[in-house]
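Below you'll find the structure, written out as structure tokens, and then a few comments.
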Amino acid sequence: DTEVTQTPKHLVMGMTNKKSLKCEQHMGHRAMYWYKQKAKKPPELMFVYSYEKLSINESVPSRFSPECPNSSLLNLHLHALQPEDSALYLCASSQAPQREGRETQYFGPGTRLLVL
Amino acid sequence: AQTVTQSQPEMSVQEAETVTLSCTYDTSESNYYLFWYKQPPSRQMILVIRQEAYKQQNATENRFSVNFQKAAKSFSLKISDSQLGDTAMYFCAFTYNDMRFGAGTRLTVKP
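Here the protein sequences line up with chains A and B, keeping their order.
Following the working numbering, the residues of the first sequence are numbered contiguously, the last one being 116.
Following the working numbering, the residues of the second sequence are numbered contiguously, the last one being 1111.
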């Protein structure tokens, strides 16, 4: 089973709202990722968690706050977003972090976010 | 820094025919991994095929195969017997420390 689930599927929020995106995997993977994808563009890496610790933050604005409560869950907390943050947010997981030979990433279906 | 280039923004193919999508990359590393992902309009990124750089044998998965030329830093995807369900955006990806994607090729399979 290579399933990564994400909730919600769609989210509309105002610029003053606080919301959270959730990602879950039960494959025993120890690395989890958040990506942002704009229309007709490739995914852009935002954050990487390795063994539940934040290992990569690709200079993402502080209005995005990741959290990894345990090895199966990954959250992305959103606060004071801008309209240009509207995008598809993808979560992925891999058996291990990069450079350990188990890098294949499995993606969730994404959350389509619209910021008004 | 590693870069991935897909030079074909859009391609089309008739159902049942064969199509090849191109990908080149740039790296100074010797051990890395290459992937092709497919993203249909439903938007989920689906792994199509994976290639380890230290393996000379080209990976195959049913109708999908790659032509991996390490010296040329080329990693093309061949889809045989194209089906309507193959219509999607295809991303080539390189991973060493983290995953980098090409810009994508939008493939349309015509009936």
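Every residue, glycine too, gets a C-beta built ideally from N, C-alpha and C.
Quick caveat, the model's predicted, so the values are computed rather than measured.
Where does the unbroken beta strand (DSSP E) through B/Met1011 begin, and where does it stop?
On the second sequence, position 11 is the one that residue 1011 of chain B refers to. In this chain, the beta strand (DSSP E) harbouring B/Met1011 covers 1010-1014.
Just to make sure I have the definition right: I need the residues of chain B whose C-beta is within less than 7 Å of the C-beta of A/Leu81. Which are they?
Residue numbering aside, residue 81 of chain A sits at position 81 when the first sequence is read from its first letter. None at all; the shortest Cβ gap to chain B is about 20 Å.
Is there a Cβ from chain B that is less than 7 Å from the Cβ of A/Pro97?
Residue numbering aside, residue 97 of chain A sits at position 97 when the first sequence is read from its first letter. Proximity of A/Pro97 to chain B, defined by a Cβ-Cβ separation below 7 Å, is not satisfied.
Roughly how many whole angstroms lie between the Cα atoms of A/Phe107 and B/Ala1071?
As a first step, residue 107 of chain A must be located in the first sequence, where it is residue number 107. As a first step, residue 1071 of chain B must be located in the second sequence, where it is residue number 71. Straight-line Cα distance between these residues: approximately 30 Å.
Does A/Pro118 have its Cβ less than 7 Å from a Cβ in chain B?
Because chain A spans 1 through 116 in this model, residue 118 of chain A falls outside it and cannot be assessed.
Give me the Cα-Cα distance between A/Val115 and A/Leu21, rounded to the nearest whole angstrom.
In the first sequence, counting from the first residue as 1, residue 115 of chain A sits at position 115. In the first sequence, counting from the first residue as 1, residue 21 of chain A sits at position 21. The alpha-carbon atoms of A/Val115 and A/Leu21 are separated by roughly 14 Å.
Using the Cα positions of A/Gln37 and A/Met46, report the straight-line distance between them to the nearest angstrom.
On the first sequence, residue 37 of chain A is found 37 positions in, with the first residue counted as 1. On the first sequence, residue 46 of chain A is found 46 positions in, with the first residue counted as 1. Near 10 Å, if we compare the C-alpha coordinates of A/Met46 and A/Gln37.
What do you reckon, are the CB atoms on B/Ser1082 and B/Val1109 nearer than 7 Å?
One-based indexing of the second sequence puts residue 1082 of chain B at position 82. One-based indexing of the second sequence puts residue 1109 of chain B at position 109. For the 7 Å CB-CB criterion, B/Ser1082 and B/Val1109 form a contact.
The beta strand (DSSP E) that contains B/Gln1039, what's its start and end?
Numbered from its first residue, the second sequence carries residue 1039 of chain B at position 39. Per DSSP, the continuous beta strand (DSSP E) segment holding B/Gln1039 begins and ends at 1033-1039.
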